[in-house]
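Only one structure is covered here, and it is reproduced in the block below.
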Amino acid sequence: MFHGVVVVGVNFLAFVSRTHGLKKKEEEQRRTLKQGCVWLKKHTLSLNFQNSGQFNCSASFRKLSAKVRKKMQIIRCFQPRFRSLIIKSPFSSSTSSFCSSAAAIQAERTIRDGPRNDWSKDEIKSVYDSPVLDLLFHGAQVHRHAHNFREVQQCTLLSVKTGGCSEDCSYCPQSSRYDTGLKAQKLMNKDAVLEAAEKAKEAGSTRFCMGAAWRDTVGRKTNFNQILEYVKEIRGMGMEVCCTLGMLEKQQAVELKKAGLTAYNHNLDTSREYYPNIITTRSYDDRLETLQLVREAGISVCSGGIIGLGEAEDDRVGLLHTLATLPTHPESVPINALIAVKGTPLQDQKPVEIWEMIRMIATARIVMPKAMVRLSAGRVRFSMSEQALCFLAGANSIFTGEKLLTTPNNDFDADQMMFKVLGLTPKPPKFSEEPVRAFEGERCQEAVSI
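Residue numbers (mature numbering (1 follows the signal peptide of the UniProt record, and there is no 0)): -21 to -1, 1 to 429.
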């Protein structure tokens, strides 16, 4: 028997009325339902509807007076696919045969109330810890409410300046501290970059992202000015433009905005607590400050992280908590699975399982409903059916193209085939919607000190 889950809310009355198509004495029935809702908000009610249309009431329901039980008979003819009605409240019994998961409760709240920035870490952890199929289902519900669930944004990421980075990010083959066989290169010339952008556009990408292996842009005036030219040219091609260049100064963020930059990527990578195990050359607050400067410049924020670094599940929750409690949620949240590269300190890390990705994606979707949740690095390891589960859970963006900076990725042809098989449609570029600017400076400063 299939069990549907409904959480009492402001729409309960409308839901029941719509489900049963009340015909007779509509106003009287509405009043009866309203009276029932008063009780339902204070107690737990579990009704198990059998195929015959009869129902068995729980111990809690038996406590109702005979008069109220008689009035509540109007809900006994639920459609077959809603044969189980479960109401969650503070008085719920832990011994009840049915209970609403945290994913169900928070997804319903998100759909009803929209995005929020006051998530507690415990709330996000309870969502993350929900049974994975339940989490997937409710992530899909929020996704369908907030987005066109068939649309997937295609992005292409090009390393325009490869290798020689002074940072010590343990996962990165571009660090000069590790022997990965990658040689440092100069900034690519404009013709080569524009050719790559044109190829990506022809293959269906609507966003082109340029990455440079720099710690920051300080003292790189010539190269930075070249990047500004690339941004203008690619925007002129009708594509969204993204950059990931390391830490920025305030004026540089303003100049990127003027050049037409759509988004700036600056990942937090992991939780604040686990971060020192991965990087020591840049602080967590440095990263948050860069996000603040990007937001203040009016550029869309792209920020996510990597799983599979050796972190605990609490660290994954911590990463999502930091992102979900920023004054404004990132417009894009990349979820990366570590690609272990020989020569890096993390070369022997165990590959991430698909269910781990689904947990991250679905939780991110529930707590940040409006964000583009990007299925990013590591996707090449997952089959088409596994990727389909990620899209179902709430992912609506990918990086496409044979390289993701310096690591392997799904090529254009493979992704076009996947779109065809799964019935996905490319998300068109958007230029008219301005990102939400940061709130007052003190609120942004609060985010930096999370």
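Beta carbons are placed, not taken as given, at the ideal position from N, Cα and C, and that holds for glycine. Computed from a prediction, not measured in an experiment: that's the story for all the values here.
- Rounded to the nearest angstrom, the gap between the Cα atoms of Leu299 and Ile103 is 8 Å.
- The Cβ neighbour count for Ser262, taken over all protein chains shown within 10 Å, is under 16; the residue is labelled exposed.
- By the neighbour-count criterion, in which 16 or more other beta carbons inside 10 Å mark a residue as buried, Pro330 falls on the exposed side.
- Annotation for Phe187: no alpha helix (DSSP H) segment contains it, though the beta strand (DSSP E) segment containing it runs Arg186 to Ala191.
- Around Ala163, the same chain offers Gly142 and Gly143 as residues with beta carbons nearer than 6 Å, after the five sequence neighbours per side are excluded.
- Listed in chain order, the alpha helix (DSSP H) runs fully inside the stretch 214 to 239 are 229 to 238, counting runs of at least 4 residues.
- Annotated three-state conformation of Val280 is strand, per DSSP.
- Between His122 and Arg344, the C-beta gap is smaller than 8 Å, which places the two residues in contact.
- Inter-segment contact for the stretch 179 to 194 and the stretch 127 to 134 is present: three or more beta-carbon pairs are separated by less than 8 Å.
- With distances taken between CA atoms, Leu235 lies nearest to Glu212 out of Arg95, Gly284, Glu212 and Phe361.
- Linking Thr304 to Gly402 through their CA atoms gives a straight-line distance of about 34 Å.
- Taking Lys237 as reference, the option from Ile278, Met226 and Thr260 with the minimal CA-CA separation is Ile278.
- Secondary structure remark: continuous alpha helix (DSSP H) runs of at least 4 residues inside the stretch 103 to 147, in chain order: 111 to 125.
- For secondary structure counted as the beta strand (DSSP E) over 3 or more consecutive residues, the stretch 287 to 317 holds these complete runs in sequence order: 311 to 316.
- Your pair Ile314 and Ile340 checks out as a contact, with CB atoms roughly 6 Å apart and the cut at 8 Å.
- Bounds of any alpha helix (DSSP H) do not take in Val331, whose DSSP letter is neither H nor E.
- With 16 or more other Cβ atoms inside 10 Å of its own Cβ, Lys140 counts as buried.
- Counting only runs that start and end inside the stretch 336 to 411, the alpha helix (DSSP H) elements of at least 4 residues fall at 363 to 372 and 391 to 401.
- Distances from the alpha-carbon of Leu227 to those of Arg214, Gln271 and Ser184 put Gln271 closest.
- Proximity to Glu130 across Thr379, Leu384 and Ala374 peaks at Ala374, based on C-alpha coordinates.
- Of Lys200, Asp294, Glu365 and Asp97, the smallest CA-CA separation from Asp248 is found for Asp294.
- Just so you know, the alpha carbons of Thr89 and Val106 end up roughly 12 Å apart.
- Taking all protein chains in view, the Cβ of Gly217 is surrounded by fewer than 16 other Cβ atoms within 10 Å, so the residue is classified as exposed.
- If you look at Ala182, you'll find it isn't in any beta strand (DSSP E); DSSP assigns it neither H nor E.
- By the neighbour-count criterion, in which a residue is buried when 16 or more other Cβ atoms sit within 10 angstroms of its Cβ, Lys399 is exposed.
- A residue is called buried when at least 16 other Cβ atoms come within 10 angstroms of its Cβ; Glu219 meets this threshold and is buried.
- Taking a contact as a CB-CB distance under 8 Å, the pair Ala86 and His117 counts as one, their CB atoms being some 4 Å apart.
- With 16 or more other CB atoms across the displayed protein chains lying within 10 angstroms of its CB, Pro152 is buried.
- For Ser311 and Thr301, the gap between their C-alpha atoms comes out near 14 Å.
- Counting other Cβ atoms within 10 Å of its Cβ, Lys406 reaches 16 or more and is therefore classed as buried.
- Here Gln231 has Thr196 as same chain residues with Cβ atoms under 6 Å from its own Cβ, once five neighbours each way along the sequence are excluded.
- DSSP places Asp97 outside both helix and strand once states are collapsed to three, so it counts as coil.
- Judged by DSSP secondary structure, Ala81 falls outside any beta strand (DSSP E) and instead within the alpha helix (DSSP H) spanning Ala81 to Asp92.
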